[in-house]
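Peer 1:
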């Protein structure tokens, strides 16, 4: 049985953000090993697919100025989730992108094809260890011992300059919002306010895919060795997968969930079991999955609702699950 | 998207290995005190345990049984001053690229105290046969170490004091040889011999810096916030090699010698690769390696080709009442260093990880562009006090193994000259041998326009797409081997020979 509902979900544009800023592109993938075990087999045709569109705001400013960058207005991330202490802005990254227009950058970020080795000339970061700090100067941004020099680095040119507001100092990780800043002759603007990430990304997911059969009575070994592409069509980063989330959404259909897709991992009344994925593994056993309270998964005894498995990667640029598939207990 | 991490520009790597006679490429120094005192002109004389390497056929001329124990101490000076270069990665306050002048760097481990040799050769009571077993590390520069300074907030000082960092920081190689030889002669007319060699490399280390920047237009010829320190450590339990030799004595006063190292082989070292974030651009997480399965891994395989070698020698003996008063020998060696086209590192699917990023590490081929060499050696002995004291001297010239464009701090590659003095003191059945050799590589200067050793920047797209290269560069990355090189070595060899069964 397929999911017949399109789930619209804003997502992070992590593909865009992180790939852009990290000096190391997500290699995503690598040579997988085929797991010989498992009795619930996830394949490409079972996985949800995603299409994205991105509109990143542009702020014109004074060229060469030591701009004041503020992020106190960044209160929600790309998924429209309020920022918490854990997800607050802990770093702002600045990047110099060359040879691409804004439209091209937005398109490549949205579909995950942006290659920073081709287009990024320089990255600088402003760490924000103090939660009370909400603004900083461009001249404070640095990488190692190299500091951003606005009079040289932020000048009118064919390059585009981008700010990423992130919950991690690691370039490319935990991006919550973004914007372009553009030096324009004659502009006297020297202050830039970051904005919420939610409105930027138009995201749609198609879960109208065949469900994965799984024995209701067990065993419940879920394997994904035949899964080669993630939700946006990139290679699966097997060695980065770290959590399998089993969710039961009582009295919900795919249609109901689609309307709340942004909150798939926090639907009130839903039950979630999590099992850690061994680094590089291609399978996990649902019998090892537990709730936050430590209650172990005991079977598909609930039938009036939706069973969903999500394969997650906390270090991946794509914060949305790498794979989301429906389960069909038989 | 993936970036290929070529890592190990392991230029040169640590592989002094193999034969005892040539001084270019991996090799340096001469095995045995007598051979050393003659400047290495020993293929025709070959009358002590060094014959296992120089010319195993010479073993047939030993008298009954010979035990030899020796050691070589050396002082190996090697200095390099990188040519001034513009630091395109760190413009000054005006936007101009500073011209950085570098300090002279020198090998900080010049002393090498232990290169022992020991073995035994014997006729085992046979008239025309002789056999030998010997153990000897490869004489040469087993360690080279140059400075490495941390990056500091005083960025104008960064990279100036260790201009060689992107070529090599240090290397160490322990190469042992176990040799078994046999020789046969036909009267006093001619002899043949062969040595089977087991080359054992218990330790092999090499380190250098690479620039881990992965951006368009990247150019950090002096230092980088994404500098990564790469260390390779490995070993090789067994590599087989063999030497064949012969001598011909048409008249008592004239001897021709011929020997050759004939096995086209390579040293294959199972190694580990370690990566450390050196620049501040990586943040607190640093960089780590994993294998294909995602588990931590760092195994690589390093392959270093060994050359073939051929030597011809002619020796004149001045005989008085059938006793040799003095001799003079001329040796010409030809070494096929051109077999060393590159050093190959098979990376076995390693991946480098930084934060959420993974990079495939492709197999690495380090071009050396070495060429065949010719060495001419002239040396001889003089029995000052026959039966009591013999003095010897010698000298040699060896052509350059590397084109100056590929000059490097890992192995001196320019033409070399050497001179030696030695002596033997005979006390009963003992022969005490001492020798001193001086080896000089005259200063070699390489301009940035000539230089062809490039910085390793594995994340740069320049090599694949020249349009993404920094416009200030003329190659895929900054050249890092321009500058002035000079090297010299002092060798002191001592041997004790004990003959019995006379």
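Residue numbers (the numbering used here), protein chains in the order written: chain U, -7 to 322; chain B, 2 to 503.
C-beta atoms are modelled at their ideal positions from N, C-alpha and C, and glycine is treated no differently.
1. Between the C-alpha atoms of residue 447 of chain B and residue 240 of chain B, what's the straight-line distance to the nearest angstrom?
2. For residue 281 of chain B, return the contacting residues in chain U, with the cut-off set at a CB-CB distance below 9 Å.
3. Relative to the alpha-carbon of residue 458 of chain B, which residue among B/494, B/220, B/199, B/266 has its alpha-carbon at the smallest distance?
4. For residue 469 of chain B and chain U, any beta-carbon pair shorter than 7 Å?
5. Rounded to the nearest angstrom, how far is the Cβ of residue 67 of chain U from that of residue 59 of chain U, given a contact under 8 Å?
6. At what residues does the alpha helix (DSSP H) containing residue 144 of chain U begin and finish?
7. Would you kindly check if the distance between the Cβ of residue 174 of chain U and the Cβ of residue 323 of chain U is under 7 Å?
8. Where does residue 78 of chain U land, buried or exposed, given buried means 16+ other C-beta within 10 angstroms?
9. Please give me, in chain order, every unbroken run of the beta strand (DSSP E) with length at least 3 that falls completely inside the stretch 316 to 370 of chain B.
10. I need the straight-line Cα distance from residue 250 of chain B to residue 443 of chain B, nearest angstrom please.
11. Considering only the alpha carbon of each residue, which of U/242, U/258, U/113 lies closest to residue 86 of chain U?
12. In whole angstroms, what is the alpha-carbon distance linking residue 348 of chain B and residue 231 of chain U?
13. Determine, using beta-carbon pairs with one atom in the stretch 117 to 133 of chain B and one in the stretch 60 to 69 of chain B, whether at least three such pairs fall under 8 Å.
14. Classify residue 495 of chain B as helix, strand or coil using the three-state DSSP reduction.
15. Using a Cβ-Cβ cut-off of less than 8 Å, give me the residues of the stretch 457 to 484 of chain B that come near chain U, in sequence order.
16. Decide yes or no for the touch test of the stretch 261 to 271 of chain B against the stretch 299 to 314 of chain B: beta carbon pairs closer than 8 Å, at least 3 of them.
17. CB-CB under 6 Å to residue 191 of chain B, same chain, minus the five flanking residues each way: which ones, in chain order?
18. If residue 178 of chain B sits next to residue 200 of chain B, beta carbons under 8 Å apart, how far is it from one beta carbon to the other, in whole angstroms?
19. Write down the C-beta distance between residue 371 of chain B and residue 341 of chain B rounded to the nearest angstrom, noting that I regard them as a contact closer than 8 Å.
20. Considering residue 53 of chain U, what are the terminal residues of the beta strand (DSSP E) in which it resides?
21. In chain order, what residues of the same chain lie with their CB nearer than 6 Å to the CB of residue 257 of chain B, ignoring the 5 residues before and after it?
22. With DSSP collapsed to three states, give me the class of residue 153 of chain U.
23. Identify each residue in the stretch 95 to 116 of chain U for which the Cβ-Cβ distance to at least one residue of chain B is less than 7 Å, and report them in chain order.
24. Does residue 210 of chain U have its Cβ less than 7 Å from a Cβ in chain B?
25. From residue 316 of chain U to residue 477 of chain B, what does the alpha carbon distance come to, in whole angstroms?
26. Should residue 274 of chain U be labelled buried (16 or more other beta-carbon atoms within 10 Å of its own) or exposed?
27. Counting beta carbon pairs with one atom in the stretch 288 to 304 of chain U and one in the stretch 234 to 248 of chain U, are three or more of them shorter than 8 Å?
28. Thinking C-beta only, is residue 205 of chain U closer than 7 Å to residue 34 of chain U?
29. Please identify the residue among U/191, U/312, U/178 whose C-alpha is closest to the C-alpha of residue 235 of chain U.
30. Tell me the residue span of the beta strand (DSSP E) that contains residue 75 of chain B.
31. Curious, which full-length beta strand (DSSP E) runs of at least 3 residues does the stretch 195 to 257 of chain B contain?
32. Would a C-beta distance cut-off of 7 Å place residue 482 of chain B and residue 168 of chain B closer than the cut-off?
33. Considering only their Cβ atoms, is the gap separating residue 462 of chain B from residue 93 of chain U smaller than 7 Å?
34. What is the DSSP secondary structure of residue 108 of chain U, reduced to helix, strand or coil?
35. Give a yes or no on whether 7 Å exceeds the smallest Cβ distance from residue 78 of chain U to chain B.
36. Residue 318 of chain B and residue 254 of chain B - do their beta-carbons sit closer together than 7 Å?
Peer 2: Taking the geometry as given:
1. Along the second chain, one-based indexing puts residue 447 of chain B at 446. Along the second chain, one-based indexing puts residue 240 of chain B at 239. Note on geometry: alpha-carbon atoms of residue 447 of chain B and residue 240 of chain B lie some 35 Å from one another.
2. On the second chain, position 280 is the one that residue 281 of chain B refers to. Result: 134, 135, 136, 137, 138.
3. As a working note, residue 458 of chain B is residue 457 in the second chain. Taking only the C-alpha atoms, the option nearest residue 458 of chain B is B/220.
4. Sequence index remark: in the second chain, residue 469 of chain B carries index 468 (1-based). The beta carbon of residue 469 of chain B falls within 7 Å of a beta carbon belonging to chain U, placing the residue at that interface.
5. Position 75 of the first chain, counted from the first residue, corresponds to residue 67 of chain U. Position 67 of the first chain, counted from the first residue, corresponds to residue 59 of chain U. Not confirmed; about 21 Å, so no contact.
6. Taking the first chain and counting its residues from 1, the one referred to as residue 144 of chain U is at position 152. It spans 142 to 145 - the alpha helix (DSSP H) in which residue 144 of chain U sits, taken as one unbroken run.
7. Residue 323 of chain U lies beyond the range of chain U shown here (-7 to 322); nothing can be said about it.
8. Residue mapping note: residue 78 of chain U aligns to position 86 of the first chain, counting from 1. When all chains shown are included, residue 78 of chain U counts as exposed.
9. Runs of the beta strand (DSSP E) inside the stretch 316 to 370 of chain B: 324 to 336, 343 to 347, 352 to 355, 358 to 361, 365 to 368.
10. The residue given as residue 250 of chain B occupies position 249 in the second chain. The residue given as residue 443 of chain B occupies position 442 in the second chain. Their Cα atoms are separated by approximately 38 Å.
11. As a first step, residue 86 of chain U is located in the first chain; it is residue number 94 there, counting from the start. When C-alpha distances from residue 86 of chain U are compared across U/242, U/258, U/113, the shortest belongs to U/113.
12. In the second chain, the residue the question calls residue 348 of chain B occupies position 347. In the first chain, the residue the question calls residue 231 of chain U occupies position 239. Using only the alpha carbons, I get a separation of about 18 Å.
13. Of all C-beta pairs linking the stretch 117 to 133 of chain B to the stretch 60 to 69 of chain B, three or more are shorter than 8 Å, placing the two stretches in contact.
14. For the purposes of this step, residue 495 of chain B is identified with residue 494 of the second chain, where counting begins at 1. Strand.
15. Hits within the stretch, in order: 460, 461, 462, 466, 469.
16. Contact between the stretch 261 to 271 of chain B and the stretch 299 to 314 of chain B is present, because at least three Cβ pairs lie under 8 Å.
17. Start at 1 with the first residue of the second chain, and residue 191 of chain B comes out as number 190. Hits under 6 Å: 249.
18. As a first step, residue 178 of chain B must be located in the second chain, where it is residue number 177. As a first step, residue 200 of chain B must be located in the second chain, where it is residue number 199. Contact annotation, residue 178 of chain B with residue 200 of chain B: C-beta distance approximately 6 Å; criterion of less than 8 Å satisfied.
19. Here residue 371 of chain B corresponds to residue number 370 of the second chain, with the count starting at 1. Here residue 341 of chain B corresponds to residue number 340 of the second chain, with the count starting at 1. Between the beta-carbon of residue 371 of chain B and that of residue 341 of chain B there is about 5 Å, and that keeps the pair under the 8 Å contact cut.
20. One-based indexing of the first chain puts residue 53 of chain U at position 61. It spans 50 to 53 - the beta strand (DSSP E) in which residue 53 of chain U sits, taken as one unbroken run.
21. Counting from 1 along the second chain, the entry for residue 257 of chain B is found at position 256. 249, 315, listed in sequence order.
22. Walking along the first chain from the start, residue 153 of chain U turns up at place 161. Looking at residue 153 of chain U - three-state DSSP - the assignment turns out to be strand.
23. From the stretch 95 to 116 of chain U, only 107, 108, 109, 110, 111, 112, 113, 114 have a Cβ closer than 7 Å to chain B.
24. On the first chain, residue 210 of chain U is found 218 positions in, with the first residue counted as 1. No, residue 210 of chain U does not count as interfacial toward chain B.
25. In the first chain, counting from the first residue as 1, residue 316 of chain U sits at position 324. In the second chain, counting from the first residue as 1, residue 477 of chain B sits at position 476. Between the alpha carbons of residue 316 of chain U and residue 477 of chain B lies a distance of about 43 Å.
26. As a position in the first chain, residue 274 of chain U is number 282, starting the count at 1. Under this definition residue 274 of chain U is a buried residue.
27. Touching, per the Cβ criterion.
28. Here residue 34 of chain U corresponds to residue number 42 of the first chain, with the count starting at 1. Here residue 205 of chain U corresponds to residue number 213 of the first chain, with the count starting at 1. Not closer than 7 Å, so no.
29. Counting from one through the first chain, the residue named residue 235 of chain U turns up at place 243. The candidate whose alpha carbon is nearest that of residue 235 of chain U is U/312.
30. By 1-based counting over the second chain, the position of residue 75 of chain B is 74. Taken as a continuous stretch (DSSP letters only), the beta strand (DSSP E) holding residue 75 of chain B covers 66 to 83.
31. Fully enclosed beta strand (DSSP E) runs of 3 or longer: 228 to 252.
32. One-based indexing of the second chain puts residue 482 of chain B at position 481. One-based indexing of the second chain puts residue 168 of chain B at position 167. Contact: yes.
33. As a working note, residue 93 of chain U is residue 101 in the first chain. As a working note, residue 462 of chain B is residue 461 in the second chain. Result no, Cβ atoms of residue 93 of chain U and residue 462 of chain B do not sit closer than 7 Å.
34. Within the first chain, numbered from 1, the residue matching residue 108 of chain U stands at position 116. In the three-state scheme derived from DSSP, where H, G and I count as helix and E and B as strand, residue 108 of chain U is classed as helix.
35. Position 86 of the first chain, counting from 1, holds the residue named residue 78 of chain U. Judged by the 7 Å Cβ criterion, residue 78 of chain U is not in contact with chain B.
36. As a working mapping, residue 254 of chain B is identified with position 253 in the second chain. As a working mapping, residue 318 of chain B is identified with position 317 in the second chain. Cβ distance < 7 Å, so residue 254 of chain B and residue 318 of chain B count as in contact.
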